[in-house]
Amino acid sequence: MRWTEQHSYRLIVWSLVGLLAMPLLATLLYSLSSRWGATLMPDGLTLRWYLALWSEPRFLAAFARSLLVCLAALALTVAVMLPLVLVAHTRWPWLDRLMQQLMLLPFAVPPVVGVVGLLQLYAGGPLPIVGTPWIMIACFFTLAVPFLYQALATSIKALPLQDLLDAARLLGASTPVAFCRVVLPNLRNGLLAGCFISFSFLFGEFVFANLLVGTRFETLQVYLNNMRNHSGHYTSALVISYFLAILLLTWLANRLSRSAR
């Protein structure tokens, strides 16, 4: 009975995986097809669409812009959140309660409403940064804060934080040195998890990118939207390339997480 139940569970799981993978596999097959008409299978397979995509300067520039904005926003978020998490869990516990409430704001406010407010504030006046990567970095910072703060807060709550800091101080280390050399290595897995989740979310962000910068600083999602009327094979190759890039980053994050243990 146990053997039968175990295989039944496996059959259910793999059936769900296959069902969820079917749209992706269909997109992959369409991106590799030379022509697919009224037949069940394509008439032929080719890499022409991928070669055309990865030799397109506009696509490469949009891909690089997306990477640049996401990495810059993540670097800013890490630089702000690491000291904030330490202070909130060592000196000012009320700050942690405040952050738990503030983290809901990016999801409570609809993106369109947030964009309208940002356009009114920064389209003119003393700081006209609409249409520049700076407004994207600042906007992505606010979106990444909930993911990164929650990951770091969960990791730091699992540590005997005060004992680690007291032991480091007894050995002559200051609080910043103790945090960098004792606490931070124990937060590495949480930091990597938070950074990867944030990056995956930011890399696929379209609403803010399209309305705040559009074609003036064309990111990958904006480029995908602008190419929606192009060849379906070309667009499918773009979607699969985007998925493979996220998959590669997932694998790298897992490798870094395992090597850090």
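Residues 111 to 371 (our numbering) make up the sequence shown, in order.
Every residue gets a Cβ at the ideal spot worked out from N, C-alpha and C, and that includes glycine.
Only a predicted model underlies this, so the values are computations on that prediction, with no experimental measurement involved.
Exposed or buried, which one is residue i when buried takes at least 16 other CB atoms within 10 Å?
i, result
"Trp-159", "buried"
"Met-191", "buried"
"Arg-175", "buried"
"Phe-165", "Sequence inspection shows Ser at residue 165; the Phe mentioned does not correspond to that position. The residue in question, Ser-165, is exposed, as its Cβ has fewer than 16 Cβ neighbours within 10 Å."
"Cys-180", "buried"
"Leu-163", "buried"
"Tyr-333", "buried"
"Tyr-259", "buried"
"Gly-300", "buried"
"Ile-122", "exposed"
"Phe-217", "exposed"
"Ala-254", "buried"
"Thr-264", "exposed"
"Pro-220", "exposed"
"Thr-187", "buried"
Put residue i into one of helix, strand or coil per three-state DSSP.
i, result
"Arg-338", "coil"
"Leu-330", "helix"
Quick check on the DSSP output: the beta strand (DSSP E) that includes residue i runs from which residue to which?
i, result
"Arg-145", "143-145"
Can you name the start and end residues of the alpha helix (DSSP H) that residue i belongs to?
i, result
"Arg-298", "298-313"
"Val-317", "317-322"
Below 6 Å CB to CB, which residues in the same chain sit around residue i once its five sequence neighbours on both sides are set aside?
i, result
"Ala-233", "Val-240"
"Phe-250", "Ala-183, Leu-312"
"Ala-198", "Leu-205, Asp-206"
"Thr-156", "Ser-144"
"Leu-330", "Ala-172, Phe-173, Ser-176"
Give every residue of the same chain whose Cβ lies closer than 8 Å to the Cβ of residue i, excluding the five residues on either side of it in the sequence, and list them in chain order.
i, result
"Val-225", "Val-317, Phe-318, Leu-321, Leu-322"
"Arg-145", "Pro-152, Asp-153, Gly-154"
"Tyr-375", "Examination of residue 375 is not possible in this model, given that the chain is present from 111 through 371 alone."
"Ala-283", "Arg-291, Val-292"
"Met-246", "Val-179, Ala-183, Phe-318, Ala-319, Leu-322, Val-323, Phe-327, Thr-329"
Among the residues of its own chain, which have a CB less than 7 Å from the CB of residue i, if the five just before and after it don't count?
i, result
"Leu-231", "none"
"Asn-296", "Leu-269"
Closest Cβ-Cβ distance between residue i and chain E: below 8 Å?
i, result
"Leu-129", "The structure shown contains no chain E; it is built from a single protein chain."
For this session: Pick out the complete alpha helix (DSSP H) segments inside the region 156-237, 4 residues or longer, and give them in chain order.
Result: Runs of the alpha helix (DSSP H) inside the region 156-237: 158-164, 167-200, 203-212, 215-218, 221-232.
Exercise. Which ranges does the alpha helix (DSSP H) cover as unbroken runs of at least 4 residues, wholly within the region 230-293, from first to last along the chain?
Worked result: List check, alpha helix (DSSP H) in window: 243-267, 271-280, 285-288.
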